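To start, the structure under review is shown below, and the notes come after it.
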Amino acid sequence: MNTLLLRDARLVQDGCITPCDILIRGQNVESILPARSGAAADCVRDLKGMYVSAGFIDIHVHGGGGHDFMDGTPEAYHGASALHLQHGTTAMLPTTLAASADELLRAFSVFEQCRDAFPDGAKLLGLHIEGPYVAPSQAGAQDPKYIRNPDPAEYNMLLDACPHILRWTVAPELPGAMEFGRELKRRGILPCIGHSEADSDTVLEAMRCGYSHITHLYSATSTIVRVAGFRHAGIIESAYLYDGLTSEIIADGCHLPAPLLQLAYRHIGPRRLVLVTDAMRAAGQTGGESILGSLENGQRVILEDGVAKMPDRTAFAGSICTADRLVRTMVTMAGASLPDAVQMITETPARLLGLDDRFGRVEPGRAADLAVFDHTIRIAMVLRDGAVRYEN
Ligand SMILES: [Zn+2]
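To convert, note that position 291 of the sequence shown is 880 in this note's numbering; the numbers rise steadily by one, no gaps.
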């Protein structure tokens, strides 16, 4: 098997930055050696002190490169996964939106067809189903006409149809949502709280039913309300209060201001906080226009200030960021150390999906899925299964 030596790297892992050489044999990391080891290999790449980390894992992403996973074509899967790979993402969870059961079934079949099809794109680990069982008042970009309560006949049919659903975002206060959480948990799927008005008591009950993760904290998540004089805590307060919960944030630097990024980083911390892009199809584009939702019936949006906006500029229409920008934002705006920022998009997402035995770390025996970047988090090289799939 061919060997590749990444010489003079700085490994970002375990809370520190360690100078090293990384020897790759075939698809896997063979060993992590002291810097300038002089080890022999078929091919040697001098990284000149650049950073290397495990490839980024984006567990909430709708598209990129002009494509949305709901377009329902292999071209969309290829285009979006390749765009994100060029920004350091080597594994992702394509995410669906509230849709009819038929549309979801179509999305599942395209996913199955594409799952292992594109070696130049990020690995498609499984699906994240966002909606349709969410609170109408917290719909966000979910189309209200498809929002409904969990129905066992429908969700069991959907779950039976796709063996690769890894997470599902639900509003736990809906009738039947607790039972649905238990069913997801029973099937080894991560039940997630999101697009929800739940108060903290409901969150606690949801946790007892298996829910353990909060989808895009601060976006479509409840907070303190006053009912007949009495205050009730919401999902946001629960994220800080309950150690059994993990949370994700859209750390594009637009959706959340610096104080909220700092608050989440300091008080939820890198072991319980995950960075996601939640990117729509315009990820990777810097200006102009795009379409939110389907190509035929979607909404025209404008791209400005690094985010998609509704044409009247009163609201955001989705993130257009990539994973490298998430890391950069956490370092520059949240004051995170580089190892902490990297942990929040490598080890932590892998752990909460139960995939940390294979993903999220650079370790001998594991697939060499690596991101190489400079001090501004500009991606210089991306390896997937030991092969250089992108180079800048
Ligand atoms: Zn989303």
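Ideal placement from N, C-alpha and C gives every residue a C-beta, glycine not left out.
From a predicted model like this one, the values you see are computed outputs, not experimental measurements.
- Nearest to Gly975 by alpha-carbon distance, out of Leu944, Met681, Ile611, Gly842, is Ile611.
- Here Met796 carries a helix assignment [DSSP, helix/strand/coil].
- At a threshold of 8 Å, Ala730 counts as near ligand 1, since its beta carbon sits closer than that to one of the ligand's heavy atoms.
- Met869 and Ala629 have their C-alpha atoms some 44 Å from each other.
- In terms of CA proximity to Tyr807, Pro846 leads the group Met659, Pro846, Ile778, Gln888.
- A straight line joining the alpha-carbon of Ala760 with that of Ala906 spans about 21 Å.
- Sorting Leu636, Glu619, Met933, Gly615 by C-alpha distance to the C-alpha of Arg625 places Leu636 at the top.
- Annotated three-state conformation of Asp660 is helix, per DSSP.
- Cα atoms of Gly627 and Thr791: separation of roughly 58 Å, rounded to the nearest angstrom.
- Not one heavy atom of ligand 1 sits closer than 8 Å to the Cβ of His844.
- Phe769 places its beta carbon 9 Å or farther from that of Pro733.
- Collapsing the DSSP output to three states places Cys609 in a strand.
- When only Cα atoms are considered, Tyr800 and Ile782 end up about 7 Å apart.
- The C-beta separation of Leu755 from Gly818 comes to about 42 Å, leaving the pair out of contact by the 8 Å criterion.
- Scanning its chain for C-beta atoms nearer than 8 Å, with the 5 sequence neighbours on each side dropped, one finds around Ala897 the residues Met869, Ala871, Ser879, Leu881, Val890, Ile891, Phe905, Ala906, Gly907, Ser908, Ile909, in chain order.
- Ranked by Cα distance from Leu693, the first of Arg967, Gly652, Ile718 is Ile718.
- For secondary structure counted as the beta strand (DSSP E) over 3 or more consecutive residues, the stretch 748-833 holds these complete runs in sequence order: 754-759, 779-782, 814-816, 819-821.
- 9 Å or more divides the Cβ of His844 from the Cβ of Tyr640.
- For Leu686, the shortest C-beta to heavy atom distance toward ligand 1 is below 8 Å.
- The C-beta separation of Leu864 from Ile968 comes to about 15 Å, leaving the pair out of contact by the 8 Å criterion.
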